[in-house]
Amino acid sequence: GAVVSQHPSWVICKSGTSVKIECRSLDFQATTMFWYRQFPKQSLMLMATSNEGSKATYEQGVEKDKFLINHASLTLSTLTVTSAHPEDSSFYICSARYGPNTEAFFGQGTRLTVV
Amino acid sequence: SQQGEEDPQALSIQEGENATMNCSYKTSINNLQWYRQNSGRGLVHLILIRSNEREKHSGRLRVTLDTSKKSSSLLITASRAADTASYFCATVWMDSSYKLIFGSGTRLLVRP
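Going down the list, the protein sequences come from chains A and B. Residues 1 to 115 in our numbering are what the first sequence spells out, letter by letter. Residues 1001 to 1112 in our numbering are what the second sequence spells out, letter by letter.
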């Protein structure tokens, strides 16, 4: 299958700082990328859907000013957690797909710990 | 909640037995996909079934889809200890967003 690379795989940051997570589709053009958040032993909760060249669509309850998403090219999307707080600590996973009728491929996830 | 439901939440079986997981969803869908996740890792795509398909096979996996009941099932035959993982169904919504929404997941334990 196609490869989606997510970086970093883990990060520890101080409260109040910002963290950027990158998601790259390595061998295909991703017209759509998704960002999810996952708490321990729970399912993936969709945070936002990002289409290349347009603004991300955020799910209800997700603060767009806190979780900045940029999808500037067909192979790269970034999620920036701004002014991080301990409650933002979680596992963040990105996903990319070519089209709505195709499978989505997932990055390895980023474990964010805010101290 | 937009999230679909899966049952059982947890399943423990002996190696060699079959495992069946069920998924129910709420909206009209474009397709339904099943994924596997090992603890603390990314997700691996298993199978995609389109809304006009009723059954699909891939190796030891068999997926069914009943759009009238808004439900799907994943059957893993002749399970192995290496199948131990969490399994999620995910639906692609039939609207302009085509967003991918996950079910609650089933944690499968296959005992050697």
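The C-beta atom is built at its ideal place from N, Cα and C for all residues, glycine as well.
Verify whether the separation of the beta carbon atoms of Ala72(A) and Lys64(A) is less than 9 Å.
By 1-based counting over the first sequence, the position of residue 72(A) is 72. By 1-based counting over the first sequence, the position of residue 64(A) is 64. No; because the gap between Cβ atoms is not below 9 Å, this pair is not in contact.
How would you list, in chain order, the residues of chain A whose beta-carbon sits under 9 Å from the beta-carbon of Ile1013(B)?
Position 13 of the second sequence, counting from 1, holds the residue named residue 1013(B). Simply none; closest approach about 19 Å.
Given that Ala104(A) touches chain B, what residues does it touch there, using C-beta distances under 8 Å?
Translated into positions along the first sequence, residue 104(A) becomes position 104. Here the neighbours are Gln1033, His1045, Ala1090 and Leu1100.
By the 10 Å Cβ neighbour count, where 16 or more other Cβ atoms means buried, how is Ile1101(B) classified, buried or exposed?
Numbered from 1 along the second sequence, position 101 holds the residue referred to as residue 1101(B). That one is buried.
Measure the CB-CB distance between Ser95(A) and Val11(A) and report whether it falls below 9 Å.
The sequence position of residue 95(A) within the first sequence is 95, counting from 1. The sequence position of residue 11(A) within the first sequence is 11, counting from 1. Against a cut-off of 9 Å, the Cβ pair of Val11(A) and Ser95(A) comes out as no contact.
For Phe91(A) and Phe105(A), I'd like the C-alpha separation in whole angstroms.
Position 91 of the first sequence holds residue 91(A). Position 105 of the first sequence holds residue 105(A). So the alpha carbons of these two residues sit roughly 17 Å apart.
Which value, in whole angstroms, describes the spacing of the CA atoms of Val114(A) and Val62(A)?
The residue you call residue 114(A) lines up with position 114 of the first sequence. The residue you call residue 62(A) lines up with position 62 of the first sequence. So the alpha carbons of these two residues sit roughly 18 Å apart.
Spell out the partners DSSP gives Tyr92(A) in its beta bridges.
By 1-based counting over the first sequence, the position of residue 92(A) is 92. Beta-bridge pairing links Tyr92(A) to Arg37(A) and Thr110(A).
Pop quiz: Tyr58(A) and Ile93(A) are said to be a contact at Cβ under 8 Å. What is the actual Cβ separation, rounded to whole angstroms?
Locating residue 58(A) in the first sequence gives position 58, where the first residue counts as 1. Locating residue 93(A) in the first sequence gives position 93, where the first residue counts as 1. Not a contact, Cβ separation roughly 16 Å.
May I ask you to report which of helix, strand or coil DSSP gives Ala56(A)?
Locating residue 56(A) in the first sequence gives position 56, counting from the first residue. In the structure shown, Ala56(A) sits in coil (DSSP, three-state: anything other than H, G, I, E or B).
Anything in chain A within Cβ reach of Asn1030(B), meaning under 8 Å, just list it in chain order.
Residue numbering aside, residue 1030(B) sits at position 30 when the second sequence is read from its first letter. Those within 8 Å of Asn1030(B) in chain A are Pro100 and Asn101.
Leaving aside the five residues before and after Ser1012(B) along the sequence, list all residues of the same chain whose C-beta is less than 7 Å from its C-beta, in chain order.
If you number the second sequence from 1, residue 1012(B) lands on position 12. Answer for Ser1012(B): Leu1109 and Arg1111, listed in chain order.
Which residue or residues does DSSP assign as beta-bridge partners of Asn1022(B)?
The residue given as residue 1022(B) occupies position 22 in the second sequence. In the DSSP output, where bridge partners are listed per residue, Asn1022(B) has Asp1007(B) and Ser1073(B).
Buried or exposed for Arg1080(B), going by 16 or more other Cβ atoms inside 10 Å?
As a first step, residue 1080(B) is located in the second sequence; it is residue number 80 there, counting from the start. Looking at its Cβ environment, which holds fewer than 16 other Cβ atoms inside 10 Å, Arg1080(B) is exposed.
Just grab the DSSP bridge partners of Ala1090(B) for me.
Here residue 1090(B) refers to the residue found at position 90 when the second sequence is read from its first residue. DSSP output for Ala1090(B) lists Gln1033(B) and Phe1102(B) as bridge partner(s).
Can you find a C-beta in chain B that's less than 9 Å from the C-beta of Leu46(A)?
Taking the first sequence and counting its residues from 1, the one referred to as residue 46(A) is at position 46. Chain B, which has a Cβ nearer than 9 Å to the Cβ of Leu46(A), makes this yes.
For the region 44-68 of chain A, list every residue whose C-beta sits within 7 Å of some C-beta in chain B, in sequence order.
Leu44, Leu46, Thr49 and Thr57
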